[in-house]
Amino acid sequence: MRVITLTTDFGSQDWFVGTMKGVLLGVNPKATLVDITHEIPPGDIRAGAFALMASYMFFPKGTVHVAVVDPGVGSERKAIAVQTANYTFVGPDNGVLSFALANEKITDVRQLENNKYFLNPVSHTFHGRDIFAPIAAHLSGGVAVSNLGPKQKHIIQLPWPRPEISRNRISGEVIYVDRFGNAITNILNTCLAGMKEAEVFIAGKRACRVKPFYQSVPAGKAVAVPGSSGFLEIAVNGGSAAQSLGIKIGNTLTIRKVVAG
Amino acid sequence: MRVITLTTDFGSQDWFVGTMKGVLLGVNPKATLVDITHEIPPGDIRAGAFALMASYMFFPKGTVHVAVVDPGVGSERKAIAVQTANYTFVGPDNGVLSFALANEKITDVRQLENNKYFLNPVSHTFHGRDIFAPIAAHLSGGVAVSNLGPKQKHIIQLPWPRPEISRNRISGEVIYVDRFGNAITNILNTCLAGMKEAEVFIAGKRACRVKPFYQSVPAGKAVAVPGSSGFLEIAVNGGSAAQSLGIKIGNTLTIRKVVAG
Amino acid sequence: MRVITLTTDFGSQDWFVGTMKGVLLGVNPKATLVDITHEIPPGDIRAGAFALMASYMFFPKGTVHVAVVDPGVGSERKAIAVQTANYTFVGPDNGVLSFALANEKITDVRQLENNKYFLNPVSHTFHGRDIFAPIAAHLSGGVAVSNLGPKQKHIIQLPWPRPEISRNRISGEVIYVDRFGNAITNILNTCLAGMKEAEVFIAGKRACRVKPFYQSVPAGKAVAVPGSSGFLEIAVNGGSAAQSLGIKIGNTLTIRKVVAG
Chain A
1 MRVITLTTDF GSQDWFVGTM KGVLLGVNPK ATLVDITHEI PPGDIRAGAF ALMASYMFFP
61 KGTVHVAVVD PGVGSERKAI AVQTANYTFV GPDNGVLSFA LANEKITDVR QLENNKYFLN
121 PVSHTFHGRD IFAPIAAHLS GGVAVSNLGP KQKHIIQLPW PRPEISRNRI SGEVIYVDRF
181 GNAITNILNT CLAGMKEAEV FIAGKRACRV KPFYQSVPAG KAVAVPGSSG FLEIAVNGGS
241 AAQSLGIKIG NTLTIRKVVA G
Chain B
262 MRVITLTTDF GSQDWFVGTM KGVLLGVNPK ATLVDITHEI PPGDIRAGAF ALMASYMFFP
322 KGTVHVAVVD PGVGSERKAI AVQTANYTFV GPDNGVLSFA LANEKITDVR QLENNKYFLN
382 PVSHTFHGRD IFAPIAAHLS GGVAVSNLGP KQKHIIQLPW PRPEISRNRI SGEVIYVDRF
442 GNAITNILNT CLAGMKEAEV FIAGKRACRV KPFYQSVPAG KAVAVPGSSG FLEIAVNGGS
502 AAQSLGIKIG NTLTIRKVVA G
Chain C
523 MRVITLTTDF GSQDWFVGTM KGVLLGVNPK ATLVDITHEI PPGDIRAGAF ALMASYMFFP
583 KGTVHVAVVD PGVGSERKAI AVQTANYTFV GPDNGVLSFA LANEKITDVR QLENNKYFLN
643 PVSHTFHGRD IFAPIAAHLS GGVAVSNLGP KQKHIIQLPW PRPEISRNRI SGEVIYVDRF
703 GNAITNILNT CLAGMKEAEV FIAGKRACRV KPFYQSVPAG KAVAVPGSSG FLEIAVNGGS
763 AAQSLGIKIG NTLTIRKVVA G
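Residue numbers (the numbering used here), protein chains in the order written: chain A, 1 to 261; chain B, 262 to 522; chain C, 523 to 783.
Structural data, given as structure tokens:
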């Protein structure tokens with residue numbers, strides 16, 4: 001048994017994901033397949049990279065993680081497999097793997113060129129089915145990444161917006177909005193360690209306090225909580241922060257330490 | 262092999278459900294995971310309770326059913342595991358398990374307090390991943406509920422609207438609307454046994470007759486049928502009753518026996 | 523291990539698909555279940571037939587394919603199991619299997635009448651759970667279709683719009699629009715073999731050229747590409763052809779060979 005995860009923008013209305021699974025099970029009937037999500041907005045590489053980063057390390061050692069958000073499919077972009085100390089990653093070399101890999105000890109990066117492991121003939125528009133699925137299944141069955149093609153030195157990094165941190169103040173931005181309307185920021189929970197009491201300002205206006213959980217405030221009220229993905233998130237207890245506060249990806253915010261006085 | 266089912270309001274756009282599955286498979290690689298649904302409206306405990314009630318008994322004996330609709334996550338609400346004659350149920354003690362449990366012979370209720378079975382450190386906002394998933398995986402692997410924490414006597418019951426039943430008349434309400442726009446009521450199919458011919462009135466107006474299946478009436482026409490979840494439902498053949506008739510959850514209706522005359 | 527695929531219009535918001543899986547695993551705990559899609563528009567038999575046709579042959583030999591788009595459930599329509607050289611198909615006899623079966627060597631067609639393999643009592647509204655799921659599980663466990671009921675000679679064929687093909691010109695229509703807004707036509711990629719350069723006209727107006735992949739044209743521009751399902755599709759690089767060009771299912775189009783001159 002080896003787990004293979006799938007993170008894509010293929011959606012669930014068509015047959016795309018099911019078809020990838022048919023190919024995966026044809027190559028490795030013993031693979032255990034897990035969907036992370038297929039609802040990444042079409043072509044939104046950064047959202048795919050964030051979803052993978054927030055989830056991959058909760059899977060057993062040896063898991064093969066496949067991420068296909070691939071607007072450049074069929075063009076000159078490279079396809080890669082990356083071996084790390086604990087996992088194997090497969091996807092286009094367009095940054096979709098880069099947030100997760102930033103936390104991993106990389107031991108080998110290979111370009112997917114050995115078409116012995118492809119589903120031939122390869123289409124120009126569906127490498128998820130024709131390249132990534134069969135490669136992932138072979139990897140989960142024991143094939144080493146070194147068999148897949150030539151070594152590659154660097155992978156494409158997606159820019160990560162770094163927060164500005166000073167003693168009493170942190171400035172950051174919203175990088176993801178989840179289905180509950182929680183606005184996840186680029187500010188690590190651990191950055192708030194020194195601030196026993198803190199307030200959040202969005203667009204210069206005081207929005208809420210930092211508290212341990214959603215129900216720390218009355219229903220309908222805004223709150224910032226240390227999020228389960230490791231980053232501070234803005235929420236509304238029982239509601240949607242994105243809707244109530246009009247928060248969008250890219251909005252900037254400031255956390256200020258509350259000083260008694 | 263033990264089946265674990267998941268009923269949540271986590272949606273499918275983010276990585277939440279996938280992450281739970283990573284944790285589940287890390288603890289019990291042999292578990293078979295089945296999604297009941299993740300599209301319960303955010304925080305809608307009653308919809309989650311209904312979905313679980315309508316499906317749980319179709320799973321093999323020994324299945325572990327996990328339900329996480331948990332607006333109070335991180336607050337004082339309890340988390341429980343409930344052993345019944347045929348199944349094990351895991352979730353917050355907020356009523357989400359109560360409709361299913363009303364049909365089951367309960368043998369043990371435990372509070373989830375033994376953190377040996379948690380994913381530590383436990384976050385304040387995602388007990389699905391940190392508590393319910395690892396607990397369910399341990400249960401599916403053979404751990405008994407008695408290991409999980411102290412006994413609890415009662416579980417929180419969600420109110421169930423009881424229909425009023427007389428000889429020629431039943432009054433009830435709509436409790437769920439499904440993706441087809443069928444309006445499922447709180448009136449058990451079996452209550453209609455004595456009414457060979459019956460008419461349905463919604464808001465005092467005659468809406469349709471009770472018939473055995475959707476195509477008992479012409480396309481576009483309303484009909485009430487004994488539903489597959491055990492309750493009478495209002496449908497429109499080839500259409501949406503919710504849309505055509507403007508039916509909403511909570512709407513009241515009356516069934517009247519048709520008396521020859 | 524035998525794979526069972528599911529293609530339905532049951533959606534993911536309710537418990538319908540999960541319940542089918544409970545029944546499937548109750549009969550055959552070793553089955554591997556794969557969702558093709560459950561988001562077929564309610565009652566859209568042709569969309570279900572197309573999704574199944576585009577995906578079924580990517581699954582391992584021996585896979586049992588279940589398709590339930592069944593607006594006539596409970597009425598006089600027949601339910602069938604079809605054995606072909608490589609696969610077994612199960613569903614209502616309303617055309618939903620017919621596009622896939624047109625490519626297969628059929629060896630046996632049976633009506634599902636032997637209620638020994640049903641989940642009894644059978645409801646009038648959910649044969650997916652009560653008939654198709656248990657039958658599919660028994661088939662995946664080794665039961666032959668010949669046990670299921672009487673032979674049937676013909677199955678109901680859904681009409682397939684054939685394109686008109688001449689030396690320099692092909693006329694066809696849009697038969698499916700996918701989640702990316704790509705408009706899939708009824709024109710096989712192989713029909714374009716003789717046309718090195720070709721232009722696409724929609725409603726008499728020149729829309730785009732035929733190119734090998736989406737990024738063959740600048741972002742935001744339309745292009746026709748040989749699609750991964752075997753049919754020519756109209757796309758917009760980085761966008762939605764359906765939205766940008768206002769394309770709908772049923773729209774006609776013409777491909778004209780570009781003659782140097």
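Even glycine gets a Cβ: it sits at the ideal position worked out from N, Cα and C.
Because the structure is a prediction, the values reported are computed rather than measured.
- For A242/A, the enclosing alpha helix (DSSP H) starts and ends at 241-244.
- CA-to-CA, the gap between S505/B and L158/A works out to about 48 Å.
- The Cβ of G499/B sits closer than 7 Å to at least one Cβ of chain C.
- Taking CB atoms only, F126/A has a neighbour in chain C less than 7 Å away.
- Fully contained in the stretch 326-367 of chain B are the following alpha helix (DSSP H) runs of length 4 or more, in chain order: 359-362.
- Within the stretch 646-703 of chain C, the complete alpha helix (DSSP H) segments of 4 residues or longer fall at 655-662, listed in chain order.
- Taking one beta carbon from each stretch, the stretch 31-42 of chain A and the stretch 115-126 of chain A have fewer than 3 pairs nearer than 8 Å; the two do not touch.
- Between H65/A and P734/C a beta carbon distance of about 29 Å is seen, past the 8 Å cut, so the two are scored as non-contacting.
- Going by DSSP, T541/C is part of no beta strand (DSSP E) but of the alpha helix (DSSP H) stretching over 538-549.
- For chain B, the residues of the stretch 177-196 of chain A that bring a beta carbon within less than 7 Å of one of its beta carbons are D178, R179, F180, in chain order.
- According to DSSP, D35/A shares a beta bridge with L6/A.
- At least one CB atom of chain B sits nearer than 7 Å to the CB of A54/A.
- Between V27/A and A133/A, the alpha-carbon positions lie close to 9 Å from each other.
- For L574/C, the uninterrupted alpha helix (DSSP H) run begins and ends at 567-577, by DSSP.
- Contact annotation: N773/C and V696/C have beta-carbon atoms nearer than 7 Å.
- Assigned with DSSP and collapsed to three states, F753/C falls in strand.
- The three-state secondary structure of Q737/C, taken from DSSP, is helix.
- The C-alpha of Q344/B lies about 28 Å from the C-alpha of T32/A.
- Judged by DSSP in its simplified three-state form, N450/B adopts helix.
- For I724/C, the enclosing beta strand (DSSP E) has its first and last residue at 720-724.
- Excluding residues up to 5 positions away in sequence, R689, K779 lie with their Cβ nearer than 8 Å to the Cβ of G716/C in the same chain.
- In terms of beta-carbon proximity, G22/A lines the interface with chain C, with at least one pair separated by less than 7 Å.
- Of all residues in the stretch 458-481 of chain B, only P473, F474, Y475, Q476 place a beta-carbon less than 7 Å from a beta-carbon of chain C.
- K518/B carries a strand assignment under DSSP once its states are collapsed to helix, strand and coil.
- Any Cβ of chain B closer than 7 Å to the Cβ of D35/A would place that residue at the interface, and such an atom is present.
- Listed along the chain, the chain B residues whose CB falls inside 7 Å of the CB of E39/A are S273, Q274.
- Counting along the chain, P226/A sits inside the beta strand (DSSP E) bounded by residues 222-226.
- Beta-bridge pairing by DSSP links V383/B to no other residue.
- Residues of the stretch 576-606 of chain C that bring their beta carbon within less than 7 Å of a beta carbon in chain A comprise A576, S577, F580, F581, P582, in sequence order.
- Nearest to H399/B by alpha-carbon distance, out of K414/B, Y437/B, L362/B, V351/B, is V351/B.
- Residue pairing by DSSP places I184/A opposite Y176/A, E233/A in a beta bridge.
- Each residue's CA atom was taken as its position, placing H127/A and V17/A some 12 Å apart.
- Not flagged as an interface residue toward chain A: P411/B, since no C-beta distance is shorter than 7 Å.
- Using a CB distance cut-off of 7 Å, A51/A counts as an interface residue toward chain B.
- Using a Cβ distance threshold of 7 Å, G309/B and T268/B count as a contacting pair.
- It is roughly 44 Å from the alpha-carbon of P71/A to the alpha-carbon of V665/C.
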